[in-house]
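Numbering-wise (the working numbering), the sequence shown opens with residue 40 and increments by one. Beta carbons: idealized from backbone N, C-alpha and C, even for Gly. Okay, structure first, notes after.
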Amino acid sequence: MQFRSSTTFYRQQHVSHQNGDLHVAFVPPLYSPVRFAAIAFLVVLVGSTIAGCSIARLIPDGKHDTEKSYYVDHGLSIQYPEVTQCETPTLLKAQQTTVPLTMQDPADLPTLDLSLQEAVNLAVTLSPVLRTVGASQDVRVAVQGTVTVYDPAITASSPQFGSEAALSAFDAQYAQQLFWTSVDRPNNVAPDGITSQFTPSVSLGKNAAFNAELSKTTATGGSYALRHIVNYSRNNQPFRAFSSAFDGWVEAEWRQPLAQGAGSTYNRIAGPGSVPGQYNGVLIARVNEDISLVDFEASVIQVVTDVEQKYWDLVTAYRRLDTAVRGRELARRTWEYNKKRLEVGAGRLDDEAQARSQYYNFEAQVQTELAGPNGLYETEQDLRYMVGMVATDGRLLRPTTEPIDVRVTFDWESALSQALERRAEIRKQKFQVKRRDMELVAARLNYKPRFDFVSQYRWYGLGNHLIGNKDGTLNNMYGEITGGNYQEWQAGVDLRFPVGLRTAGLAIANAKLNVKRERAILAETEFLISHNLSNAARQVTTTHELLETNYDRLIADLNQVDVLDTRYRIGSDNIRDLLLAQRQLVNSATEFYGSLSRYNLAIRDFHREKGSLLAYNNVQLAEGPWAKGAEYDAYRTGRFLRPCVLPDMKKGPAPLTSGSFNPSARQNTSAPASPGAVTLPEMSVPAALDSENEAESAPVSGKVLGTLQSTEDEIFDNSRDALQVFFSEVRASVSGSSNAVESPSAAAIRLPDLPSPTQ
């Protein structure tokens, strides 16, 4: 039998004979439309998956795609924060800054007298931020790690590490739940069976549950709990006395640890429920607060140190500028003298050129000392920043505290004992040692299994009603509970522990290592402080010796300039020796004033190293005022407290500290006067830019040479005026005031008494 294909798109049908039977098999068509569509769909799907959205982006918008798209073509952008701007004093100071001082003559500016005590007072009271040297240069550095007056309070009020947060673990806890439920559930029972008599085909009901619990953790690690549970049910279950019923109970529970977690010592250090190695008790929180106070004290000491540094730098800047002005005046007179001699035909061109170069050299030095790096205006602005004043306000700060020039001698033994006891760094490290010791105690107490005594007592009740209707039996749930008809109790022990107590053992080993580490750091701190104190004491003596040496050097240079100036005018020497002597005179005067400031800074460093800098500058640390509500609450609570009748008979835990400590208490370290001790003659440094002398009244930035004299003799006499003024004022300083420290007025802040100097 032969078959012919009907179309060209179908394969030929196959015919086979098997066992004499004729079988016809139809082959599926090769180019079926359905098959082609499926293959095309798969190809498009795979292609779009691989290409992603790139194909969709190639399709242009149609004529109906007219809807506007609101989208943002960027993911990140710089935004400006929306912060409420308050008219705070700091903001006003930043906005009220005037044009900075550059080359203005200080003699033409109004001055603002400022003593060292006033500068320290302004620095520690005018701003909540404790500023330090160098913070004003880079804002990024200034805002990182900035110390404020709020830091100790922030530590104390921390919800994780404060003492109140640690005490909150012992606060009473209240918990309550109230739920309603509905039951509508078919039961798998045969409708005609015997079980249908006991179980309905559909369970219907309304239920309610109420739970309330009041618990309290004790200082010894135990816990008390009072619970009240009420259950209400109304359903279609058979064999019930009441279709709706209330059942509930009042339960009291007491759990007391007998091994791990027991005792007030452990719970005060580690806190209740802590794990080995984690200590968050109230004593640890108290140590954290004490450490934050010590850190704050160290920051205040640093502020006082920096303020005094900037104050004496400003004093030195005034003296350096004054010295440069005097040197320029000498050079100007010498130049005028040589210029006039050249005009009358008695001088030399090289002498006039050298004198002119000397003048402009001092002129450049005056400009540098006035507005250059570390000049008068920059140093004055640094002090303004430290004391919290605007950068420039048209006035010039003028130091009024005279530097100390008498020899100050300290008793080494008392100074060393004070340094090893009163330094903030040592007290901070001792707090660290105290904390590690307590952690070791807690770790040893924690090396025990968890063994708790647990007891419960329960009053049970069941009733058709919750309250009221007390006639029938089981008619009132609360009546049954208060009647005490049904009571239950439970008592026993609960034992749990990891076999081997490996974690607790590791905690002990770690605590021992921490104790050894902190004690080693404490010993190293004391050792380093002794070295620093020794170096500071050496600097006090060395700087005073340099002060005397530089004073003698200044007198010698004055004599040298006087002699060479006379010899030059009579023609015995050339001008080079005179100009060199003038430069040496200016350098020696600059070194003298610098050594005077360094001597005062050495005394400051000695007080800082022995822990008495706050007392030396009359700085007291105290807590700020409380809010009125807090004061009233504390007063009301204190009315219910009573002092202990026999405090010596009362046993309590070991104290955390030995009592209050005043870092501003004055300490006497004065050494007795010795016959061999000498002192510098009483010197009073001339006030900078405040004299009526012609040399000092000369404008700082003026370049006018003045009116030349008509005769050579008058020029000779006039050129010696500045030298005589310079010489006479420094010589006159020998017979100056006898007091090296400014005498405070009645309204001024009293300066601390310095140790009695040995003269």
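What's the C-alpha gap between residue i and residue j?
i: Gln317; j: Ile308; result: 10 Å
i: Leu744; j: Tyr632; result: Note that Leu744 scores 30 on pLDDT, short of 50, meaning its location in the model is unreliable; the coordinates nonetheless yield the value given after this. Distance between the alpha carbons of Leu744 and Tyr632: 28 Å.
i: Ser634; j: Ala548; result: 54 Å
i: Pro664; j: Glu670; result: 9 Å
i: Glu106; j: Leu84; result: 28 Å
i: Gln216; j: His267; result: 11 Å
i: Ala463; j: Ile193; result: 20 Å
i: Leu593; j: Ala704; result: 40 Å
i: Glu630; j: Ser197; result: 52 Å
i: Ala460; j: Asp444; result: The sequence given here has Glu at residue 460, not Ala. Spanning the two alpha carbons is a distance of roughly 30 Å.
i: Gly411; j: Arg358; result: 15 Å
i: Gly300; j: Ser313; result: 8 Å
i: Leu695; j: Pro191; result: 18 Å
i: Gln156; j: Glu121; result: 40 Å
i: Arg535; j: Ser262; result: 17 Å
i: Glu557; j: Ala628; result: 50 Å
i: Pro686; j: Leu561; result: 34 Å
i: Leu624; j: Gly366; result: 8 Å
i: Thr150; j: Glu419; result: 12 Å
i: Pro682; j: Ser699; result: 19 Å
i: Ser108; j: Leu115; result: 20 Å
i: Ser723; j: Ala641; result: Unreliable placement is indicated for Ser723, whose pLDDT of 39 sits below 50; the coordinate value is still reported in the next sentence. Taking the straight line from one Cα to the other gives about 19 Å.
i: Ser740; j: Tyr399; result: At Ser740 the pLDDT is 44, less than 50, meaning the model places this residue with poor confidence and gives no usable figure here.
i: Gly523; j: Gly287; result: 13 Å
i: Val717; j: Asn598; result: Reliability fails at Val717, whose pLDDT of 39 lies under 50, so the model's placement of it is uncertain and the value that follows must be treated cautiously. Going from the Cα of Val717 to the Cα of Asn598 covers about 25 Å.
Since residue i and residue j are thought to touch, with beta carbons under 8 Å apart, how far apart are those beta carbons, to the nearest angstrom?
i: Lys378; j: Glu368; result: That belief does not hold up - the Cβ atoms of Lys378 and Glu368 are roughly 15 Å apart, past 8 Å.
i: Glu336; j: Pro702; result: 6 Å
i: Met425; j: Arg170; result: 6 Å
i: Ala394; j: Thr362; result: About 19 Å separates the two Cβ atoms, so there is no contact after all.
i: Pro311; j: Asp491; result: Not really, about 12 Å apart at Cβ, beyond 8 Å.
i: Ala248; j: Phe218; result: 5 Å
i: Val429; j: Gln143; result: Between Gln143 and Val429 the Cβ distance is about 17 Å, and since that is not below 8 Å, they are no contact.
Which residue comes first and which comes last in the alpha helix (DSSP H) that contains residue i?
i: Thr194; result: 190–195
i: Thr164; result: 155–164
i: Thr521; result: 516–522
i: Arg475; result: 463–484
i: Gly668; result: 667–677
i: Ser303; result: 303–308
i: Tyr416; result: 415–426
i: Leu206; result: 202–206
With distances taken between CB atoms, is the gap from residue i to residue j smaller than 8 Å?
i: Ala205; j: Thr256; result: no
i: Asn246; j: Tyr271; result: yes
i: His583; j: Tyr638; result: yes
i: Ala693; j: Lys487; result: no
i: Leu479; j: Ser569; result: no
i: Thr137; j: Asp432; result: yes
i: Arg475; j: Val579; result: no
i: Val222; j: Leu243; result: yes
i: Thr259; j: Gly320; result: no
i: Leu165; j: Thr439; result: no
i: Val343; j: Val188; result: no
i: Lys649; j: Gln457; result: yes
i: Gln621; j: Ala403; result: no
i: Gln526; j: Glu290; result: no
i: Pro239; j: Asn275; result: yes
i: Gly502; j: Asn485; result: no
i: Leu360; j: Leu409; result: yes
Could you check where the beta strand (DSSP E) with residue i kicks off and where it finishes?
i: Asp286; result: 283–296
i: Thr220; result: 212–225
i: Asp437; result: Residue identity check: residue 437 is Arg in the sequence provided, not Asp. That run of the beta strand (DSSP E) goes 435–438.
i: Asp596; result: Taken as a continuous stretch (DSSP letters only), Asp596 belongs to no beta strand (DSSP E), being part of the alpha helix (DSSP H) at 541–608.
i: Leu243; result: 241–256
i: Val493; result: 489–502
i: Ile268; result: 262–274
i: Leu505; result: Run containing Leu505: none; DSSP gives neither H nor E here.
i: Val532; result: 525–535
Ordered list of alpha helix (DSSP H) runs contained in the segment 325–413, each at least 4 residues: 388–410
Would you list, in sequence order, the uninterrupted alpha helix (DSSP H) runs of no fewer than 4 residues that lie entirely inside the segment 622–651? none
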